[in-house]
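Going by this note's numbering, the sequence shown opens with residue 285, and the numbers climb by one from there.
In this text, a Cβ means the ideal position worked out from N, Cα and C, and glycines have one as well.
Encoded as structure tokens, the structure appears first; notes follow it.
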Amino acid sequence: MSQARDSAWAPDSWQRLPARQQPSYADEQELQAALATLASLPPLVTSWEVEQLKDRLADAQAGRAFVLQGGDCAESFAECTSPRIVGQLKVLLQMSVVLMAGLKRPVVRIGRLAGQYAKPRSADQETRDGESLPSYRGDLVNREPFTAADREPDPALLLRGYERAALTLNFLRALVDGGFADLHHPENWDLDFVSRSPAAEQYRAVVQQVSNSLDFFESVTGGPVHYTRRVDFYSAHEGLHLHYEQAQTRFLEHRQNWYNLTTHFPWIGMRTADPDGAHVEFFRGVQNPVGVKIGGELSTERLQALVRRLNPDNEPGRLTLIHRFGAARIEAELPRLVDAVRSTGIDVLWVCDPMHGNTETTAGGIKTRRLENIQSELRAALHLHREMGSNLGGVHLELTGEHVTECTGGSRGLTDEDLTRDYRSLVDPRLNYEQAMEIALDIANQA
Ligand code: PEP
Ligand code: CO
Numbered sequence: 285m286s287q288a289r290d291s292a293w294a295p296d297s298w299q300r301l302p303a304r305q306q307p308s309y310a311d312e313q314e315l316q317a318a319l320a321t322l323a324s325l326p327p328l329v330t331s332w333e334v335e336q337l338k339d340r341l342a343d344a345q346a347g348r349a350f351v352l353q354g355g356d357c358a359e360s361f362a363e364c365t366s367p368r369i370v371g372q373l374k375v376l377l378q379m380s381v382v383l384m385a386g387l388k389r390p391v392v393r394i395g396r397l398a399g400q401y402a403k404p405r406s407a408d409q410e411t412r413d414g415e416s417l418p419s420y421r422g423d424l425v426n427r428e429p430f431t432a433a434d435r436e437p438d439p440a441l442l443l444r445g446y447e448r449a450a451l452t453l454n455f456l457r458a459l460v461d462g463g464f465a466d467l468h469h470p471e472n473w474d475l476d477f478v479s480r481s482p483a484a485e486q487y488r489a490v491v492q493q494v495s496n497s498l499d500f501f502e503s504v505t506g507g508p509v510h511y512t513r514r515v516d517f518y519s520a521h522e523g524l525h526l527h528y529e530q531a532q533t534r535f536l537e538h539r540q541n542w543y544n545l546t547t548h549f550p551w552i553g554m555r556t557a558d559p560d561g562a563h564v565e566f567f568r569g570v571q572n573p574v575g576v577k578i579g580g581e582l583s584t585e586r587l588q589a590l591v592r593r594l595n596p597d598n599e600p601g602r603l604t605l606i607h608r609f610g611a612a613r614i615e616a617e618l619p620r621l622v623d624a625v626r627s628t629g630i631d632v633l634w635v636c637d638p639m640h641g642n643t644e645t646t647a648g649g650i651k652t653r654r655l656e657n658i659q660s661e662l663r664a665a666l667h668l669h670r671e672m673g674s675n676l677g678g679v680h681l682e683l684t685g686e687h688v689t690e691c692t693g694g695s696r697g698l699t700d701e702d703l704t705r706d707y708r709s710l711v712d713p714r715l716n717y718e719q720a721m722e723i724a725l726d727i728a729n730q731a
């Protein structure tokens with residue numbers, strides 16, 4: 285049954301339910317005016333692209349493709365720059381080459397890009413030296429400096445976020461369509477890794493292997509590989525700010541259904557994944573593929589309620605469960621949840637986020653993650669799914685194409701002392717370029 289015909293759902297039906305993590309705006313009229321403008325502007329993505337991604341996610345669910353999703357924890361408006369966008373595309377492309385060669389499956393590339401501007405926070409208020417101000421919730425909501433004016437949620441930022449997302453997507457589309465992503469010329473997007481890292485030899489061999497396979501593929505199909513798919517790169521962000529998501533959600537006459545056209549692939553964060561809450565209510569009614577972050581001590585019943593609510597028709601590619609337990613917990617938690625989903629009779633795509641359960645704070649008070657824990661959770665995920673006759677269909681990472689020092693470990697042996705050298709993230713620590721490539725090689729080696 286089509287969800288559009290479910291009379292209980294409407295784009296604003298979430299407003300009847302408790303909505304976590306929403307900013308409170310001082311001026312309701314100003315908010316409504318910004319939302320009306322947002323609703324009148326053209327969509328950022330189209331339903332054709334959204335449906336195409338759903339098909340590709342269905343392939344991943346069936347074991348015929350692998351999802352690589354990655355990007356910043358939070359994008360910032362100031363970092364809407366050419367080097368950052370190119371850097372993110374490059375690292376994801378290179379990782380995907382390694383994964384395709386190792387897994388012998390196509391890779392579905394999805395950026396945490398072009399709209400990852402709203403962040404959940406553990407507390408509504410932040411206190412410094414006795415002064416309490418609203419927490420920084422991402423550039424879509426307020427500003428980071430600790431002043432009352434900056435921390436006041438500003439509806440105009442919803443429009444600035446939409447515009448930044450559009451600029452980012454425009455540039456990404458041009459890069460991809462213009463041949464930047466042509467797999468014949470990986471040297472175009474080689475970064476320093478190839479010459480410096482101990483894993484470089486292995487990477488070079490992989491690139492050669494891909495190149496040979498492409499020649500073969502094209503001699504058979506008679507066309508360049510990157511023209512065989514119109515869109516080769518998809519956008520995703522956490523669907524957190526429900527007014528923003530609602531404003532760009534449209535009923536499409538030609539499909540007789542509702543689509544959230546802010547992004548191809550919204551996901552519901554762990555803090556808002558309440559089966560009875562506003563976020564699940566909103567996303568159950570749109571046709572996009574949706575992800576849900578799951579972790580902690582999620583009960584069997586709660587997970588089953590989530591799955592039933594978000595994918596009642598058992599549509600392939602519709603629901604992705606992104607699990608993030610931490611290396612120490614995955615073995616105890618995952619098998620029970622795989623069984624729980626199985627007993628609903630509903631199929632999902634399983635993706636591992638080995639980042640968010642492995643965050644720790646150093647003695648010096650810096651938020652970091654150790655590469656060995658990230659690798660260990662990923663290995664456990666691959667192993668556990670395989671052992672249960674399930675399928676790990678992808679990975680979700682926080683990474684950057686730059687040489688930041690935010691996570692420790694890796695072939696350069698970054699330690700806690702190195703973290704202060706080039707730590708740029710305002711929120712969670714990201715894998716740097718080499719660490720990201722090491723993760724890709726690691727997955728490829730376990731195929
Ligand atoms: C995130 O992906 O940045 C995030 C906040 O994750 P989670 O919802 O899994 O905590
Ligand atoms: Co994060």
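Quiz prompt | N-terminal and C-terminal residue of the beta strand (DSSP E) that L424 is part of | solution = First-last for L424: undefined, no H or E at that position.
Practice problem: Using three-state DSSP, classify Q409 as helix, strand or coil. | Solution: Looking at Q409 - three-state DSSP - the assignment turns out to be strand.
Self-check item: Proximity below 8 Å, CB of E551 to CB of A520
Solution: Going by the sequence as given, residue 551 is Trp instead of Glu. Yes.
Quiz prompt | CB contact flag (T684, N642, <8 Å) | solution = No, these two residues do not count as a Cβ contact at 8 Å.
Quiz item: Is it a yes or a no for the stretch 563–575 touching the stretch 610–622, going by three-plus beta-carbon pairs under 8 Å?
Solution: No contact exists between the stretch 563–575 and the stretch 610–622.
Quiz item: Tell me which same chain residues have a C-beta within less than 7 Å of the C-beta of D339, skipping the five on either side of it?
Solution: Within the same chain, D339 has close Cβ partners G601.
Self-check item: Distance between D702 and A433 (C-alpha atoms, nearest Å)
Solution: In this structure, the alpha-carbon of A433 lies about 34 Å from that of D702.
Quiz prompt | DSSP state of R396 mapped onto helix, strand, coil | solution = Strand.
Quiz prompt | Beta-carbon contacts of G347 that lie in its chain and below 6 Å, excluding the five residues immediately before and after | solution = Taken in chain order, the residues that qualify are N675.
Self-check item: A483 versus A320, E722, A728 and N496, residue with shortest Cα-Cα distance
Solution: Comparing Cα-Cα distances from A483 to each of A320, E722, A728 and N496, the minimum goes to E722.
Quiz item: What do you reckon, are the CB atoms on L337 and L352 nearer than 8 Å?
Solution: No, these two residues do not count as a Cβ contact at 8 Å.
Quiz prompt | Rounded straight-line distance, which links the Cα of S308 to that of I727 | solution = Looking at the two C-alpha atoms, the distance is approximately 42 Å.
Exercise. Taking 8 Å as the cut-off, decide whether the C-beta atoms of P638 and L621 are in contact.
Key: No, the pair does not count as a contact, with Cβ atoms beyond the cut-off.
Quiz item: Do three or more CB pairs link the stretch 556–564 to the stretch 313–325 at distances below 8 Å?
Solution: As far as the Cβ criterion goes, the stretch 556–564 does not touch the stretch 313–325, which means the pair count is below three.
Self-check item: As assigned by DSSP and simplified to three states, the class of T556
Solution: Taken through DSSP and simplified to helix, strand or coil, T556 comes out as helix.
Quiz item: Three or more beta-carbon pairs under 8 Å between the stretch 581–589 and the stretch 324–338, yes or no?
Solution: Here the stretch 581–589 does not lie against the stretch 324–338, with fewer than 3 beta-carbon pairs under 8 Å apart.
Quiz item: Any heavy atom of the ligand CO closer than 7 Å to the Cβ of E682?
Solution: Remark: the shortest separation between the CB of E682 and any heavy atom of the ligand CO falls under 7 Å.
Practice problem: Would you give the residue range spanned by the beta strand (DSSP E) that L681 belongs to? | Solution: L681 -> beta strand (DSSP E) spans L676 to E682.
Quiz item: Hey, out of G693, L459, T533 and L545, whose CA is closest to D516's CA?
Solution: When the alpha-carbon of D516 is set against those of G693, L459, T533 and L545, the nearest one is in L459.
Self-check item: Where R698 sits in the DSSP three-state scheme
Solution: Checking the displayed sequence, the identity of residue 698 turns out to be Leu instead of Arg. Three-state DSSP puts L698 in a strand.
Self-check item: N- and C-terminal bounds of the beta strand (DSSP E) containing Y528
Solution: For Y528, no beta strand (DSSP E) run applies; the uninterrupted alpha helix (DSSP H) run containing it begins and ends at L526 to A531, by DSSP.
Quiz item: Three or more C-beta pairs closer than 8 Å, one from the stretch 380–387 and one from the stretch 703–711: is that the case here?
Solution: With the cut-off at 8 Å, the stretch 380–387 and the stretch 703–711 do not touch.
Quiz item: When the Cα atoms are used, what is the spatial distance from T512 to L453?
Solution: Unreliable positioning characterises T512 in this predicted model, as indicated by a pLDDT of 46, which lies under 50. The coordinate reading is nonetheless provided below. Distance between the alpha carbons of T512 and L453 is about 20 Å.
Quiz item: Is D712 near the ligand PEP, with its Cβ less than 7 Å from a heavy atom?
Solution: The closest heavy atom of the ligand PEP lies less than 7 Å from the beta carbon of D712.
Quiz item: Between the beta-carbon of G399 and the beta-carbon of T533, is there less than 8 Å?
Solution: No, these two residues do not count as a Cβ contact at 8 Å.
Quiz item: Residue range of the alpha helix (DSSP H) that K577 falls in?
Solution: Careful: K577 lies outside any alpha helix (DSSP H), inside the beta strand (DSSP E) at V574 to I578.
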